[in-house]
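Since the structure comes first, as structure tokens, the remarks are kept for the end.
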Amino acid sequence: MMERAKSLLLFLLVAASLVQSYFLAYNMPNMEAKEKTELDYVAADPLGPEEQVENLLFPEELVVHMGGNKHTVFYPNDNFYNLVLDKLSMREFKGFQQDTIAAVDWDEVRQNDLGIEVRFGRAVPFELLQKVFKIDSNFLFSADSISRIWIFARQDREEVRTFFFSADGRNVYEALRADLTVQDVQQCVGFGQYWIPFSYWNGGVYVPDEEKSVDSLEVSFSQYTPDQMQRNLFNDPGTTQMIQDREDGTRIYTDTKRALKIEQEPGWLSYTDPVAPTDSQNDLSDNIASAVQFVNEHGGWNGRHRLVQSETEAGGNVIRFQQYFKDLPILSSGSFRFGYMQLAIQQGTVASYERSMIVLDEMRSRVTAKTSLPGGEVLRTRLLQAAGGDVVEAIYPAYMPTPGEDVMRLKPVWAIRLLNGEVRMIG
2 MMERAKSLLL FLLVAASLVQ SYFLAYNMPN MEAKEKTELD YVAADPLGPE
52 EQVENLLFPE ELVVHMGGNK HTVFYPNDNF YNLVLDKLSM REFKGFQQDT
102 IAAVDWDEVR QNDLGIEVRF GRAVPFELLQ KVFKIDSNFL FSADSISRIW
152 IFARQDREEV RTFFFSADGR NVYEALRADL TVQDVQQCVG FGQYWIPFSY
202 WNGGVYVPDE EKSVDSLEVS FSQYTPDQMQ RNLFNDPGTT QMIQDREDGT
252 RIYTDTKRAL KIEQEPGWLS YTDPVAPTDS QNDLSDNIAS AVQFVNEHGG
302 WNGRHRLVQS ETEAGGNVIR FQQYFKDLPI LSSGSFRFGY MQLAIQQGTV
352 ASYERSMIVL DEMRSRVTAK TSLPGGEVLR TRLLQAAGGD VVEAIYPAYM
402 PTPGEDVMRL KPVWAIRLLN GEVRMIG
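In the working numbering, the protein residues as written are 2 to 428.
Following this line, the structure appears as structure tokens:
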């Protein structure tokens, strides 16, 4: 009996050994190692939400002409801004015809005709504008960029005309088949009678005749960590080294090709990835789309943003997105950098990337005061002083941020943009 038991045990041991040898020899899938080595690719942590190009192209302002030389302006934080923009985005614009800007007496149109000017602040390529408006793409000049759209209804006849202004300031494109009616224009213009009156000033800028009330805010915030951004910007953080750690908390990381500089105060990062220059022409639309995709994949969008700059430099394009809070732009000054993302793009490849790591929490904001921004003659005087003899291209309300220990203070100001692109603030 004992011998049978020993024989059975020996048989089982031999069988188990054979089974184990089979698994080792043929590497069964369920026997694979689960542990990754340090050389394996580490997936980036999802941080902020992704965004689509069309959501970053909204106008800087809508100028409403009410006839009789009466005007008003809707900014993105104003009640009627979205009502007018939604109506226009549902209409179709077809049958484009090019003409010189002098083909129309714009002073007469501005003073006498009912109309809406859609002002973008910076030129937007037709190709991208088609993501916002229903624009016919089958015309010869669709490779151009557009700075504004002017829609007006002639008082002397039942006619609506729509013009797209070229970025060069010399040409306009008229949409001969736009399905806008006089009643559409009248309805949009009608909203203006309930708003602050604005006066035409100094070659194209509209200045409010009255004070504008805007809330001062305190907003709680958090920050992305250096480790999160390192993992997001380097495919293999295992090969990345920190080569410098300064007393002020600034850290510099590199994988021998790319470099990442993180400043703890004020929470700003600069990332560079050298791109070899090429002789090929840069496509602005492609570069803007590449910039959006890069941010989607490397940090995400910490709040609402708008395309405000797409300037060409040697070998590429500089793309800047301005951050908005409560539908007003955030404009930092001095050594504190906050409220924008900027990328240098060459042939669709990102050569540099700058942004803040501070993330505002819109659900945790509170009003601290009502601030009255000046209007009328007081504002015009201060505009001249702030411009210092330079040409003012635009004026709009904005927030100036000041960081606290755990909150960001947002103070309303008037911002002025000069013809050279510089932005100054009137507190």
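All residues carry an ideal CB built from backbone N, CA and C; glycine is no exception.
Count the other C-beta atoms from every protein chain shown that fall within 10 angstroms of the C-beta of residue i, then say buried if there are 16 or more, exposed otherwise.
i      : result
TYR325 : buried
MET358 : buried
PHE164 : buried
VAL293 : buried
ALA124 : buried
MET342 : buried
GLY250 : exposed
LEU332 : buried
PHE142 : exposed
ARG149 : buried
TYR195 : exposed
ASP114 : buried
SER90  : exposed
LEU285 : buried
GLN386 : exposed
GLN53  : exposed
PRO398 : buried
ILE244 : exposed
VAL393 : buried
GLN282 : exposed
Rounded to whole angstroms, how far is the Cβ of residue i from the Cβ of residue j, which I believe are closer than 8 Å?
i      : j      : result
LEU261 : PHE295 : Their Cβ separation, rounded to whole angstroms, is 14 Å, which puts LEU261 and PHE295 out of contact at 8 Å.
ARG120 : GLU175 : Not confirmed; about 18 Å, so no contact.
GLY205 : ILE152 : No, GLY205 and ILE152 are not in contact; Cβ-Cβ is about 17 Å, not under 8 Å.
VAL309 : GLY122 : 6 Å
PHE102 : VAL173 : The amino acid occupying residue 102 in the given sequence is Ile; Phe does not appear at that position. ILE102 to VAL173, Cβ: 5 Å. Contact.
Taking the alpha carbon of residue i as the point to measure from, which residue in the options has its own alpha carbon closest?
i      : options                           : result
ILE396 : LEU420, ARG259, THR403 and LYS412 : LEU420
VAL414 : GLU312, ARG307, LEU329 and ASN172 : LEU329
GLY214 : LYS88, LEU374 and PRO404          : Note on residue identity: the sequence assigns Ser, not Gly, to residue 214. The shortest C-alpha separation from SER214 is found at LEU374.
ARG259 : SER146, PHE235, GLU312 and LYS371 : PHE235
SER146 : GLY205, LEU58 and PRO227          : LEU58
GLU481 : MET67, PHE127, ASP100 and ASN70   : Since the displayed the chain opens at 2 and closes at 428, residue 481 lies outside it and no answer follows.
ASP287 : GLY349, MET67 and ASN203          : GLY349
THR273 : THR257, ASN283, GLN265 and GLN282 : THR257
GLY335 : TYR195, THR403 and ALA399         : THR403
GLN98  : ARG178, PRO275 and SER223         : ARG178
VAL65  : LEU84, LEU48 and MET401           : LEU84
ILE346 : LEU63, TRP202, VAL186 and ASN318  : ASN318
GLY68  : GLN187, ALA352, ASP284 and ASP169 : GLN187
ARG305 : GLU363, SER291 and ILE320         : GLU363
LEU63  : VAL360, GLN53, LEU86 and ALA103   : LEU86
ARG383 : MET401, VAL351, THR372 and MET426 : MET426
VAL105 : PHE166, LYS71 and PRO77           : PHE166
ALA388 : THR372, LYS371 and ARG418         : ARG418
THR182 : ALA154, ASP237 and ILE320         : ALA154
VAL276 : ASN139, ALA352 and TRP202         : ALA352
TYR400 : THR372, GLY422 and ASN70          : THR372
LYS71  : ASN297, VAL424, VAL190 and VAL379 : VAL190
SER311 : TRP107, ASN139, ASP237 and LEU129 : LEU129
Tell me whether residue i, by its Cβ, gets closer than 7 Å to a heavy atom of the ligand ATP.
i      : result
PHE127 : Looking for the ligand ATP in the displayed structure turns up nothing, as the structure carries no ligands at all.
Return the CA-CA distance between residue i and residue j, expressed in angstroms with no decimal places.
i      : j      : result
ARG356 : LEU411 : 18 Å
PHE192 : GLU118 : 14 Å
TRP302 : LYS327 : 15 Å
GLN112 : THR73  : 12 Å
PRO198 : GLU211 : 7 Å
GLY377 : VAL208 : 7 Å
PRO50  : GLN156 : 47 Å
THR255 : THR241 : 5 Å
TYR354 : THR313 : 16 Å
ARG252 : ARG338 : 17 Å
GLN184 : LEU48  : 46 Å
SER223 : GLY268 : 10 Å
SER200 : GLY428 : 21 Å
LYS88  : ALA416 : 28 Å
ALA144 : GLN265 : 42 Å
GLU109 : PRO227 : 57 Å
LEU361 : TYR225 : 11 Å
GLU159 : PHE75  : 26 Å
HIS299 : ASN80  : 34 Å
ARG381 : GLN131 : 37 Å
ASN31  : GLY239 : Because the pLDDT at ASN31 is just 37, under 50, the model does not fix this residue reliably, and the value given afterwards should be weighed accordingly. Distance between the alpha carbons of ASN31 and GLY239 is about 27 Å.
ILE289 : GLY340 : 18 Å
ARG321 : ASN297 : 15 Å
ARG307 : TRP107 : 28 Å
(request) Kindly confirm or deny that the segment 363 to 373 and the segment 216 to 223 touch, where touching means at least three C-beta pairs closer than 8 Å. (result) yes
(message) Across the segment 128 to 136 and the segment 81 to 100, are there enough close Cβ pairs to call them in contact, namely three or more that are closer than 8 Å?
(response) yes
(message) Counting beta carbon pairs with one atom in the segment 228 to 236 and one in the segment 399 to 417, are three or more of them shorter than 8 Å?
(response) no
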